[in-house]
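As you go down the protein sequences, you meet chains P and B in turn. With the numbering used here, letter number 45 in the first sequence gets 45, and the count goes up by one each step, no holes. With the numbering used here, letter number 208 in the second sequence gets 493, and the count goes up by one each step, no holes. Just so you know, even glycine gets a beta-carbon here, dropped at the ideal spot from N, CA and C. Note that the structure is a prediction, hence the values are computed from the model and not measured.
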Amino acid sequence: MLADAVRSESYRALKNRTVLVWSLIFVPVIWLAVLIGGAFIDAKVDRMADQLPPQLTPARAALDLGDALLSAAGQLANPALKAYLLIGAATVFSGDYRWETWRLITARNRRPNLIMGKVGAVKLMTLAGLFLFLLAALIGAVIKGVILDKDLMFRFGGEQARTFGLLFLLAYVRVVQFLMLSLLAAVFTRSQLAALFVPLAVGVAQGLLVTATPLLGWSPIDWQTLLVFPGAAYEALKSVILGGVPAAVLQDGVMWRAVASLALWCLAPFGLALWWFSRQDLSKE
Amino acid sequence: MTAVIETTGLTKTYGAVRALDGLSLSIPRGGVYGVLGPNGAGKSTLFRILLGLIRPSQGEVRVLGQHAGDPAVMRRIGSMIETPRFPPYMTARQVLEWLALAHGQGRGMGKDAAIDAWLDRVGLTEAANRKVRGFSVGMLQRLGVAAALMTKPDLVILDEPTSGMDPPGIQEMRALIRSLADDDGVTIILASHQLLEVQRVCDRVAIFNRGTLAAEGKVSDLTASGERLRLSATPLAKIIGVLGDRATIDGDAVLAAIPRTEGPALLRALIEQGVDIDEARWVGADLESVFMAETGPARTDAQVREALHAG
């Protein structure tokens, strides 16, 4: 039953080509263009460097696609990708209110399954968006190698793969956590605009307020900071994955508090939306 | 005769408004069942409760022997409430495919052939690959009916299924509804303000008024109760003299409100009194007159004019 809901929601989302382009394709394409533009600038810098005395010219190292992939994984939960994925999520979450189509599907499945079907479709969409961003980064690195006339190599050993996997998983959770606010806004307000702008407003507010935490005497890894600002929790975990956090801090339980914060920010909006939706009068759409 | 719908004391209130007021109704399995009533009589509220879209404030409702809203039961119901709407970026075929997936009909289950068959049955084959945003109200109605029926439900609830359709479309829809009931054994419950259509297509009807059941029964029984003997004869005064207040003037004829059993005796009496009878035939009441009798009179022309002037 849940699989039916996920399948039908995914099918419907796939047919909305305009939203798919904006939600999944736009940011990777722009990112690819930025990478190519950066490569041309690098090429120009290289040409200038060629005019320097040989002893000052940097060695021409091969371009490691594994490093490019790892670097991209660290940037997956960037604001642009989150904001554009939000377009697709808001459409999926609020579509049945906007098009008055709840009555077509409520008779075909349980209400929790209907909501979880939407969440499942958005999670698949998020995975696709993250993979496309990585693909753009990989293609960008290859093109950069061609433009800079560098040898290409692909080193992706056990440690790199582990770090990549953890960064990818963390970014995925962070994006899904952000999109859960859209679900809550859609169900509470029945409005696509709210589903779109409430998470943006919350995200911007959190981004601004987190800079004010020192005024309250909170450090970036205090439990209050991690609990109120899921972005801080994400950054803390990213530092842990990249090995940037001293062992003493890790012993302090930062990692688990950050994990708990992200889990709470994922589950609380989802649970509230589910609870509200189960009691909602769907004859008014 | 088993019932597909049974309600006992069903009540739904919206603030101070009682949309349904202690409704007790039993809808038998099989055939086409009409639900009639003026706007605000409670028809749509009943349908929404049956489909689990809203919950009753009070009372019991059983659908196909189970509680309304039970997912196992809901999957056996097809419905179209008011003018259906669909995601406008999808084609008609995609809409049906999406709903088939939502119903658990994946690939390799004859889904595509079934979709083609339903598009053909509701006359949308040529528009199958057109986006829904360009559809007329009538085409949306047809697609809504296909969406309601494609999962082979045991019970179908249709709210104004011919609304917005042209006359040939209405005729086709009537034939489709009848064939579903007669050939496929589907029980169909429909609400409509088009009383002539209801009289043509329904076996039984319930007439709602202000959230309560005003009348219920076979269409033939309800209309037969208003049957009259129409007499074209001269002189009319003599007929009126015989019938008294059971006579009503209808143009150049008289309508006699008498039981069929009294017909021959009346004719003999009139002939004995020298009445020259050109024609005598039984005429049934139509559903409209039954409806008006049960739900209260419509405003007179003078009342309408007065309301317009006041407005």
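In terms of Cα proximity to P:Ile143, the closest of P:Arg190, P:Gly88 and P:Ala43 is P:Ala43. When C-beta atoms of the segment 128-143 of chain P are compared with those of the segment 396-415 of chain B, fewer than three pairs fall below 8 angstroms, so the two segments do not count as touching. In summary, no residue of the segment 177-208 of chain P has a CB separated from any CB of chain B by less than 9 angstroms.
Counting along the chain, no beta strand (DSSP E) covers P:Tyr84; the unbroken alpha helix (DSSP H) around it starts and ends at Pro79 to Arg98.
Along the segment 5-22 of chain P, the positions whose C-beta sits under 8 angstroms from a C-beta of chain B are Ala5, Arg7, Ser8, Tyr11, Arg12, Lys15, Asn16, Arg17 and Thr18, read in chain order.
Of the candidates P:Ser191, P:Ala258, P:Ala263 and P:Arg108, P:Arg108 places its Cα closest to the Cα of B:Ile362. The DSSP assignment places complete alpha helix (DSSP H) segments of no fewer than 4 residues inside the segment 479-525 of chain B at 480-486 and 504-509, in order along the chain. Nearest Cα to B:Arg427 within the set B:Val568, B:Ala387 and B:Thr447: B:Thr447. The closest CA to that of B:Leu349, considering only B:Met359, B:Leu331, B:Pro373 and B:Ile543, is found on B:Met359.
Assigned with DSSP and collapsed to three states, P:Leu169 falls in helix.
Proximity to B:Asp571 across B:Ala509, B:Gln558 and B:Arg314 peaks at B:Ala509, based on C-alpha coordinates. Residues Leu305, Leu308, Pro341, Gly344 and Val346 of the same chain have their beta carbon placed closer than 6 angstroms to that of B:Leu295, with the five preceding and five following residues left out of the count. Here B:Ile556 is exposed, its C-beta having fewer than 16 other C-beta atoms within 10 Å.
With its beta carbon at least 8 angstroms from every one in chain B, P:Gly158 lies outside the interface. The residue from B:Thr293, B:Gly559 and B:Val471 with its alpha-carbon nearest to that of B:Gly316 is B:Val471.
DSSP, reduced to helix, strand and coil, places P:Trp218 outside both helices and strands of the structure shown, so it counts as coil.
Out of B:Gly423, B:Asp488 and B:His388, the CA that lies nearest to the CA of B:Arg463 is found in B:Asp488. Look at the segment 91-106 of chain P: the residues with a C-beta under 7 angstroms from a C-beta of chain B are Gly95, Trp99, Glu100, Thr101, Arg103, Leu104, Ile105 and Thr106. Contacts with chain B at 8 angstroms (Cβ-Cβ) do not include P:Asn78. Annotation: the continuous alpha helix (DSSP H) that includes P:Asp50 extends over Phe26 to Asp50. Beta-bridge pairing by DSSP links B:Ile290 to B:Ile312 and B:Val348. Counting the other Cβ atoms within 10 Å of the Cβ of P:Thr106 gives 16 or more, which makes it buried. Across the set B:Tyr318, B:Ile290 and B:Gly327, the C-alpha of B:Gly327 shows the shortest separation from the C-alpha of B:Thr298. With respect to P:Ala205, P:Ala233 sits apart: the two C-beta atoms are not nearer than 8 angstroms. One finds Tyr11 in chain P with Cβ atoms closer than 8 angstroms to the Cβ of B:Glu382, taken in chain order.
Assignment of B:Val471 by DSSP, reduced to helix, strand and coil, places it in the coil class. For B:Leu386, the residues of chain P that pass the 8 angstroms Cβ criterion are Asp4, Arg7, Ser8 and Tyr11, in the order they occur in the chain. The three-state secondary structure of B:Val407, taken from DSSP, is coil.
With respect to the C-alpha of B:Pro369, the residue from P:Thr101, P:Ala90 and P:Leu70 having the closest C-alpha is P:Thr101. Sorting B:Gln379, B:Glu547, B:Val560 and B:Leu498 by C-alpha distance to the C-alpha of B:Val320 places B:Leu498 at the top.
If only uninterrupted beta strand (DSSP E) runs of at least 3 residues are considered, those enclosed by the segment 335-389 of chain B are 343-348 and 362-365. Residues of the same chain with a CB within less than 6 angstroms of the CB of P:Ala171, apart from the 5 flanking positions on each side, are Leu76 and Ala77 in chain order. The Cβ atoms of B:Ala377 and B:Leu409 lie closer than 8 angstroms to each other. Residue pairing by DSSP places B:Ile442 opposite B:Ser364 and B:Ile474 in a beta bridge. Contacts with chain P at 8 angstroms (Cβ-Cβ) do not include B:Ser311.
According to the DSSP secondary-structure assignment, B:Glu564 is paired through a beta bridge with B:Ser517.
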